[in-house]
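K.L.:
One structure, as structure tokens, below. Some questions next.
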Amino acid sequence: MSSHSHLTPEQQQVIRHPDGHARVVAVAGAGKTTTLTHFIAERLTQGVSPRRMLVLMYNRAARVDFERKLGLLLPRQPLPEVRTFHSLGLRIYQRLIADGVLPPFQGKPLSDSEAEPVVWRFLQQLADDETRQDILSQRKKWVEPALGFIDLVKSGLASPTEVFESLELPPQCRIFVDLFDLFEDWRRQQRRISYADMIYDPVMAFVYQPEVAARFGGHMQWILVDEYQDINAIQQKFLDVLYGGRGNVMVIGDPDQTIYEFRGSRPEFIVSGFEQSMGQVTHYQLPHTFRYGHQLSLLANHLISCNKERDPVLCLSHQSTPQTRIKLHEAHSEAALILTIIKSELEKRPAEHIAVINRLWALCAPIELGLLQAAIPYQLHNSQSVLDRWELQIFWILLEISGGVFAGRTQKQKLDAWLTVLTTPYPKVKRSLLENLAQQLSVLDKDYGESFAALIPDELSKWQKQQLQARAEILADAEHITQPAWRLLHNYIDQTDLEDGIRDSAFSAQQVEDRIQTIRAFVRFMRDTEKNSREAYGYLRELKAQRLQQTEKGQQGVHLTSIHKSKGLEWPVVIIPGLNAHYYPYSPEGEFTTPASEESERRLLYVAMTRAREQLHLMAPAQEKSAKHNGAAQSWQSRFRQEMQYERALDIGRALYDGNETVEVSPVGGVLAAWLDDYFQRTQSSLRLTMKAISAGSVRQQAGYPPAPGSYIVDRKQHPQTPVKRIRHDSLGSGTVVSEDERYIKIRFDGEAQARTLDKHTALAFLTVL
């Protein structure tokens, strides 16, 4: 097969797969598209009709890219159909309408902006009196999770009640179950469908009418499914129908990159579900990455091998990959350091070759503000600019009043602004009363704070009056007193208890954090600008105009994105902020979507890291940074940082490129990973590893912790005679070592009756010998 000589033996195995179902596990950057296009070319050469082949891609961008590459490989000949799940679902939907199985629909797919007022109305209709007031006053708080619930139901076959029971929502949200039925009734009456309905409605028809499903199945000799790890239950049922018990199905994906759990994806579909569903399946692996070098492969392997729900595929850097560099930065101010790194990288490459990948959008706000201030062009991946964020509206209004331009608004615009002032934060006053108050205030052109104070109704409670009076005083200050802009904003936050109000106005801890961190970043930004309250509004308008000009000129700039948006993409330089114990793993309580597991958090970091080609910058907190929690010291260092074994990955990767025969590695991380020998063998390296002898102080420093003076830890293999009796744990305090072996250490901590058995791999960085 000479035309395939440039492919790896593993790729050629997939391409030569004869018949029957196949499952291909491919690491990040493994050349999946190349493999699939050559597989198709091979089948067509063997006489398979392109009309009897179907390729299913996860999104439109992937489909367009795949069609282009397939056309280049097979010019001027008929090609198989390449579809996204949703576009194929829509085509089948239209067939079902023509057959009288489904009713016709009209217009474009239903957007969130169209659905929101409908959902808001139904929520009010379903709620009791107390909850209704909250829904009326805090529309965003209720509507967003309600829409999310509807979409989550449509990602699978479970009933609304079953989906609700699987989530950790407050009891008052049980109205979402009835809301789903009400919304579906309204949708059918209006003859509208959403994006999710393109698959959901046909699959529901198939479930309830198996004879209809039979008409659409078994027509294809080959169905190829890309990014199979992202499939959810409704798409799996759709695929089952298309297969129909005849032909062959090949799926390709990577369980380590399953990061769309909030859409119903689960690693089990590719890890075990496909084989359970299909029976006899041939398994293949594409372990070579063509994207990044040994240091990043080793870093990623160390991290993701800590997961259990996965295929034990080892990521191997192909000999053609660049020698990707990795730098772990310890920062007091991440945003400032990231800006410095970006400026340095811009001396070597275009801005669009740099990506900042965030776990939460909260991390992005100070970075975007820094880029704005430095006039560095940037592009946001489907997210609102920080200057347009909903939680900053109140500050724009304050600065507009202070800048003397608020009077230029129309009465309708003033009314909207006053409603924002009156409900940010929500003062637990009836919506109708607040709307009446806003109506009276909307006719004013000056003395806003004084007039506001005079109109506060007497019938309100003392607390409610205090809430509104505090706002009136700050509005008066904004209009009549020149002060530092940041001070004006800080006073509003402080005197209105704005952060507490935000915590009360959202179901999701992630949403709360996004909003609060954005507000704090904005206030810090205004402090850095040193603008006073009179000039700040004009300055911010200039920044918005500058941003608009960048966009209009087509300046692409630095990518600011999230991990979920970055999947399937790659850049020469990747910067990952927030590698600390709070964000990695991120475990918010009361999260609306499927509760995050540690394994899913590890997959997110794995995906973010493996977007880099030439340079990866990881941002971790400075060593001495710690916090107190319940009276005990709490490290800010992410345990993922320990798991990825940064020092070892760099030392080993460097030795592989230098062609060394041996390398001394750090003892941080405990026993060497069992898969390292396999890595060396499969990359044709004879490298041998030896462990450095190192003191506890150095161990703690390399693990990201300050050394304890006069302490030491002894390698028990080298010094078996040395007695180690007393030990200190960062959180658990002092104790006595009872026993230890290769993997575990048993310690009876002072004041505890029972000894604790700790995993040495995890505990080493927290221990000091006394």
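According to UniProt numbering, the sequence shown is numbered sequentially starting from 1. Note that beta-carbon positions come from the ideal geometry of N, C-alpha and C, so glycine has one too.
Report back the beta-carbon spacing between L616 and V574 to the nearest angstrom; my notes put them in contact at under 8 Å.
P.N.:
5 Å
K.L.:
Identify, in the order they occur along the chain, each residue of the same chain with its Cβ nearer than 8 Å to the Cβ of P322, setting aside the five sequence neighbours on each side.
P.N.:
Exclusion of the five residues before and after P322 leaves Y292, G293, R613 and E614 as the residues of its chain whose Cβ lies within less than 8 Å of its Cβ.
K.L.:
Going by C-alpha distance, which of Q642, H219 and A476 is nearest H302?
P.N.:
Q642
K.L.:
Report the rounded CA-to-CA distance for L90 versus A374, giving the unit in angstroms.
P.N.:
46 Å
K.L.:
Could you name the residues of the same chain whose beta carbon sits closer than 6 Å to that of L498, not counting the 5 residues immediately before and after it, in chain order?
P.N.:
P425
K.L.:
Compare the C-alpha of R76 against each of A41, L372, M57 and V64 and name the closest.
P.N.:
The shortest C-alpha separation from R76 is found at A41.
K.L.:
Thinking P572 and M619 are a contact (beta carbons under 8 Å), I'd like their distance in whole angstroms, please.
P.N.:
The Cβ separation is near 18 Å, so there is no contact.
K.L.:
Decide if R60 is buried, meaning its Cβ has at least 16 other Cβ atoms within 10 Å, or exposed.
P.N.:
exposed
K.L.:
If contacts are defined as beta-carbon pairs under 8 Å, then L286 and T35 qualify, I think. What distance do you get, rounded to the angstrom?
P.N.:
In this structure L286 touches T35 by the C-beta definition: roughly 6 Å separates them, less than 8 Å.
K.L.:
Which residues mark the beginning and the end of the alpha helix (DSSP H) in which Y228 is found?
P.N.:
It is not in any alpha helix (DSSP H) - Y228 carries neither H nor E in the DSSP assignment.
K.L.:
Pull up the distance between the alpha-carbon of M278 and that of R187, whole angstroms please.
P.N.:
36 Å
K.L.:
Per DSSP, which one or two residues make a beta bridge with K327?
P.N.:
H617
K.L.:
With DSSP as the reference, please indicate the residues paired to L54 in a beta bridge.
P.N.:
E81 and I223
K.L.:
Under the rule that 16 or more other beta-carbon atoms within 10 Å means buried, what is residue 771, buried or exposed?
P.N.:
The structure shown has nothing for residue 771, since the chain only spans 1 to 770.
K.L.:
Alpha carbon to alpha carbon, what distance is there between S562 and L157?
P.N.:
29 Å
K.L.:
Give me whichever residues DSSP pairs with T757 in a beta bridge.
P.N.:
K746
K.L.:
Go ahead and pull the three-state DSSP assignment for L169.
P.N.:
coil
K.L.:
Can you list, in chain order, the residues of its chain with a C-beta nearer than 8 Å to that of D19? Leave out the 5 residues immediately preceding and following it.
P.N.:
N248
K.L.:
Given that a residue counts as buried once 16 or more other Cβ atoms are within 10 Å of its Cβ, and exposed if not, what is N436?
P.N.:
exposed
K.L.:
Can you give the Cα-Cα distance for S344 and K140, rounded to whole angstroms?
P.N.:
40 Å
K.L.:
What does DSSP give as the partner residues of H21 in its beta bridges?
P.N.:
V281
K.L.:
Determine the DSSP secondary structure at T662, reduced to helix, strand or coil.
P.N.:
strand
K.L.:
Using alpha carbons as the reference points, say which of I747, L732 and G733 lies closest to S739.
P.N.:
I747
K.L.:
Can you list, in chain order, the stretches of the beta strand (DSSP E) that have 3 or more residues and sit fully within the region 343-398?
P.N.:
Correct list: 354-358 and 378-380.
K.L.:
Leaving out the 5 sequence neighbours to the left and right, which residues in its chain are closer than 8 Å to G336 when beta-carbon positions are compared?
P.N.:
What sits at residue 336 in the sequence shown is Ala, not Gly. Around A336: G370.
K.L.:
Taking only the alpha-carbon atoms, compute the straight-line gap between L732 and I304 and give it to the nearest angstrom.
P.N.:
Distance between the alpha carbons of L732 and I304: 28 Å.
K.L.:
In chain order, what residues of the same chain have a beta carbon less than 6 Å from the beta carbon of E275, not counting five sequence neighbours either side?
P.N.:
Sequence-distant partners of E275 (beyond 5 residues in either direction) whose C-beta falls short of 6 Å from its own C-beta, in its chain, are V281.
K.L.:
I need the DSSP call for P109, collapsed to helix, strand or coil.
P.N.:
coil
K.L.:
Determine the contact status of F766 and R756, defining contact as a CB-CB distance below 8 Å.
P.N.:
In this structure, R756 does not lie closer than 8 Å to F766 by Cβ.
K.L.:
Put Q637 into one of helix, strand or coil per three-state DSSP.
P.N.:
strand
K.L.:
Just the C-alpha distance for Q702 and V668, rounded to the nearest angstrom, thanks.
P.N.:
Model confidence at Q702 stands at a pLDDT of 43, short of 50, so the residue's coordinates are unreliable; what they give is reported in the following sentence. Cα to Cα, Q702 sits roughly 7 Å from V668.
K.L.:
Have a look at N382, L672, D129 and E647 and flag the residue whose alpha-carbon is nearest the alpha-carbon of K327.
P.N.:
E647
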